[in-house]
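The structure appears below as structure tokens.
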Amino acid sequence: MSSSEHSLKDYLPILSMAGLILIVQVLALLLSTPMEINEMQAFEDPTQVSNSIYYLGMILVFTLFVLIAIKKNMKWIISLLIYLAIVSTLYYVFFALFTLIPSFAGFENPASILISAGLTVLLYKYPEWYVIDILGVCIAGGVSALIGISLSVIPVVVLLILLAVYDAISVYKTKHMITMAEGVMDLKLPILFIIPKHPGYSFVKESFKEGEKREAFFMGLGDAVMPTLLVVSANVFMENGGFSYPVLGAMLGTLAGHVFLSILVMRGKPQAGLPFLNSGAILGFFAGVLLSGVSIL
């Protein structure tokens, strides 16, 4: 096998993960308009920075709950909560999509319930990697759109900075994020993206025993969701709205951050994703702001 073939094989997972991030961002942009029209915003005043603190607090509380559940060997509680979150998020996603189709007028609610429930059952019965990836894209896009339309640009930037700092501390210092990730991997839930290292890989058969070599690359859904918040917020709240340089800059910056992150990950050590991804999104966004000359206030 030639060196060029080795190179392609090595970098294919990076390109695949980047493609999933891009799909999430495009889907989130598509969903943001119908979600905004249907008033699905989580906060009444999207300009309040305190909303970012509140959201970070929710993440910290949930993280603590998950760590306690793992320690007490009560993972079924984690599964129950995540399945409820999955079915509700999928409902919002399909409801928003169906509002874009005139022929579904009046049937958005029952159709969304049936499809979201059916997909959740499919996930429970057959949690293969491609099922998890497809549902992961839907969930990440939906969450990104819901939160992105709920926070204006300044609160999102503040949130991304806080989350990047927290992620770095939790991976490099306390290492509790690694503990949490390893503790929930065997639940076979769409809380991550999976790129197999070889054909024939089965996530269902993955044992996750300590010391065993992993047969796939993994990336948490949060690594796609968090920078996408800025993409959506810039699209919704910036002056001269619509697809613009700040939106494009945030998207390209996220992908650039992903490339730097992936290079480090391929060296074999766990890395905090958000410092790279969030920084890339923020820097790309501000580069777009400078190019467009619009105000962020």
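Counted the way the working numbering counts, the sequence shown spans residues 67 to 363. Backbone N, C-alpha and C fix where the C-beta goes; we use that ideal spot for every residue, glycine too.
| Query | Result |
| --- | --- |
| So does the segment 188 to 203 actually touch the segment 250 to 267, counting three or more Cβ pairs closer than 8 Å? | yes |
| Let's test the definition: count the other Cβ atoms within 10 Å of the Cβ of V187 and tell me whether it reaches 16, buried, or not, exposed. | exposed |
| When the distance is taken between beta carbons, is G214 closer than 8 Å to S310? | no |
| When the Cα atoms are used, what is the spatial distance from S210 to L185? | 20 Å |
| Shortest alpha-carbon distance to G350 belongs to which of V223, I89, E102? | V223 |
| Grouping DSSP H, G and I as helix and E and B as strand, with all else coil, what is G202? | helix |
| Which term fits N175, buried or exposed, when burial requires 16 or more other beta carbons within 10 angstroms of its beta carbon? | exposed |
| For the putative contact between W195 and A282, defined by C-beta atoms under 8 Å, what is the C-beta separation to the nearest angstrom? | 7 Å |
| Considering just the uninterrupted stretch of the beta strand (DSSP E) at I261, what are its terminal residues? | 258 to 262 |
| Please report the distance separating the alpha-carbon of S116 from that of V325. | 32 Å |
| For A338, does the three-state DSSP call read helix, strand or coil? | coil |
| Count the CB pairs spanning the segment 312 to 322 and the segment 332 to 350 that are closer than 8 Å, and state whether there are at least three. | yes |
| Looking at the strands, I want to know which residues DSSP matches up with M285. | F259 |
| By Cβ distance, which residues of its chain are closer than 7 Å to T165, with the 5 residues on each side in sequence left out? | P100, N104, E174 |
| Cα separation between K137 and A162? | 38 Å |
| For K279 and A353, I'd like the C-alpha separation in whole angstroms. | 40 Å |
| Measure the alpha-carbon distance for M106 versus Y232 and round it to whole angstroms. | 28 Å |
| With a Cβ-Cβ cutoff of 8 Å, do V360 and E272 count as a contact? | no |
| Are the Cβ atoms of V132 and V237 separated by less than 8 Å? | no |
| Enumerate in chain order the residues of its own chain whose CB-to-CB distance from L314 is below 7 Å, with the five nearest sequence positions on each side excluded. | G354 |
| How close, in whole Å, do the beta carbons of V302 and E102 come, if the pair is a contact with beta carbons under 8 Å? | 6 Å |
| Which residues in the same chain have their Cβ closer than 6 Å to the Cβ of L86, if we skip the five residues on either side of it in sequence? | F259 |
| Note down, in chain order, each residue of its chain lying with its Cβ closer than 6 Å to the Cβ of Y158, except the 5 sequence neighbours on either side. | G208 |
| Could you check where the alpha helix (DSSP H) with T155 kicks off and where it finishes? | 141 to 164 |
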